[in-house]
Amino acid sequence: MKYWREFKKYKQAFKFIEENKPKLIVEYGSGGSTYSLYKCLEELNYGGKLITYEDNSEWYNKIIEDFPFLKDTVKLVEIETIDSKKGYLRYSHNLEDIKEAELVILDGPDYKLFLTEDGGPSNVTTNLEDIVNYLGKEIPFFIDGREGCVRYYNNLNYTKHIIQPLEDATDGNKV
Ligand SMILES: C[S@@+](CC[C@H](N)C(=O)[O-])C[C@H]1O[C@@H](n2cnc3c(N)ncnc32)[C@H](O)[C@@H]1O
Numbered sequence: 000m001k002y003w004r005e006f007k008k009y010k011q012a013f014k015f016i017e018e019n020k021p022k023l024i025v026e027y028g029s030g031g032s033t034y035s036l037y038k039c040l041e042e043l044n045y046g047g048k049l050i051t052y053e054d055n056s057e058w059y060n061k062i063i064e065d066f067p068f069l070k071d072t073v074k075l076v077e078i079e080t081i082d083s084k085k086g087y088l089r090y091s092h093n094l095e096d097i098k099e100a101e102l103v104i105l106d107g108p109d110y111k112l113f114l115t116e117d118g119g120p121s122n123v124t125t126n127l128e129d130i131v132n133y134l135g136k137e138i139p140f141f142i143d144g145r146e147g148c149v150r151y152y153n154n155l156n157y158t159k160h161i162i163q164p165l166e167d168a169t170d171g172n173k174v
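Given below as C-alpha cells:
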C-alpha cells in the first residue's frame, strides 16, 4: 500500500487535513483511500478521527480482511434512493454519529450499480447536503471525480469545496 502522501487523487484533501486538522473526517466510499486517511491521522497524531461508510459487503469484507485495524472505522450501511429519476443516492446512517464532522469526502458509491429510471448511472451522493442541513452550517468537502456530484453542490452554492485538480483525479486509482 502506498504511503499516504503518495495517494495522489486525495492530495488536496491531505493538504487540507495537515493545515486544518479536522476533528472528524467522514468518507463515503471506502478503499485504499481509507487506509491512507487512517495512516495520515496516525502519523499527524493530533487526535483526528475517521469514519467511512461502505455499501458493498464483499468490498467491505475484503477491506477488513486486508486491514483488520480498520474494523471500527469502516461502517457497512445500505444505500437509499432519494430520486430514481435524477439518480440521487444516500448512504443510510444516523447523523448523530457524525455531528463533529469537519471534513466530508465523497467517493462512492459505484454509480453504475444504481441505475436511474432511464437506465443510466446515478450521479449524486446527497449525504453532504444532509450533514449541512443537520448541522446548520457548511462543512469543507472534497469530491473524487464525480462530475454530476460536483455540479450538484456547485448549484447549491456551497463555498467550502476543496477542489481536486484534474491531474490528481486521473491518478489511475479509479474504479
Ligand atoms: C471509487 S470507489 C471508492 C474507493 C475509495 N474511496 C478509494 O479511493 O480507495 C467507490 C466504490 O466502488 C466500490 N468498489 C471499488 N473498488 C471495488 C472493487 N475492486 N470491488 C468491489 N467494489 C469496489 C466500493 O463500493 C467503493 O466504495
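Read in order, the letters of the sequence shown are residues 0 to 174 in numbering that gives the first Met the number 0. Quick reminder that beta carbons are idealized off the backbone N, C-alpha and C, glycines included.
Check, Outcome
"6 Å CB neighbourhood of Trp3 in its chain, flanking five on each side removed", "Ser35, Lys38, Cys39"
"Contact set, ligand 1 heavy atom to C-beta under 5 Å", "Gly28, Gly30, Gly31, Ser32, Asn55, Trp58, Asp106, Gly107, Asp109, Val174"
"Helix, strand or coil at Glu137 [DSSP, three-state]", "coil"
"First through last residue of the alpha helix (DSSP H) which encompasses Thr33", "31 to 43"
"Rounded separation between Val174 and Tyr45 - CA only", "At Val174, the pLDDT of 41 sits below 50, so the modelled position is not reliable; the number obtained from the coordinates is stated separately. Answer to the nearest angstrom: the Cα atoms are 31 Å apart."
"Bridge partner(s) assigned by DSSP for Ala100", "Leu23"
"Straight-line Cα distance separating Ser29 from Glu53", "6 Å"
"Among Asn19, Trp58, Glu18, nearest to Thr33 - alpha-carbon criterion", "Trp58"
"Bridge-paired residues (DSSP) for Tyr52", "Tyr27, Lys74"
"Contact set for Tyr133: own chain, Cβ-Cβ below 7 Å, skip 5 residues either direction", "Leu94"
"For Lys111 and Glu137, believed in contact at Cβ under 8 Å, the rounded distance", "The Cβ separation is near 30 Å, so there is no contact."
"Cα-Cα separation, Phe141 to Pro164", "11 Å"
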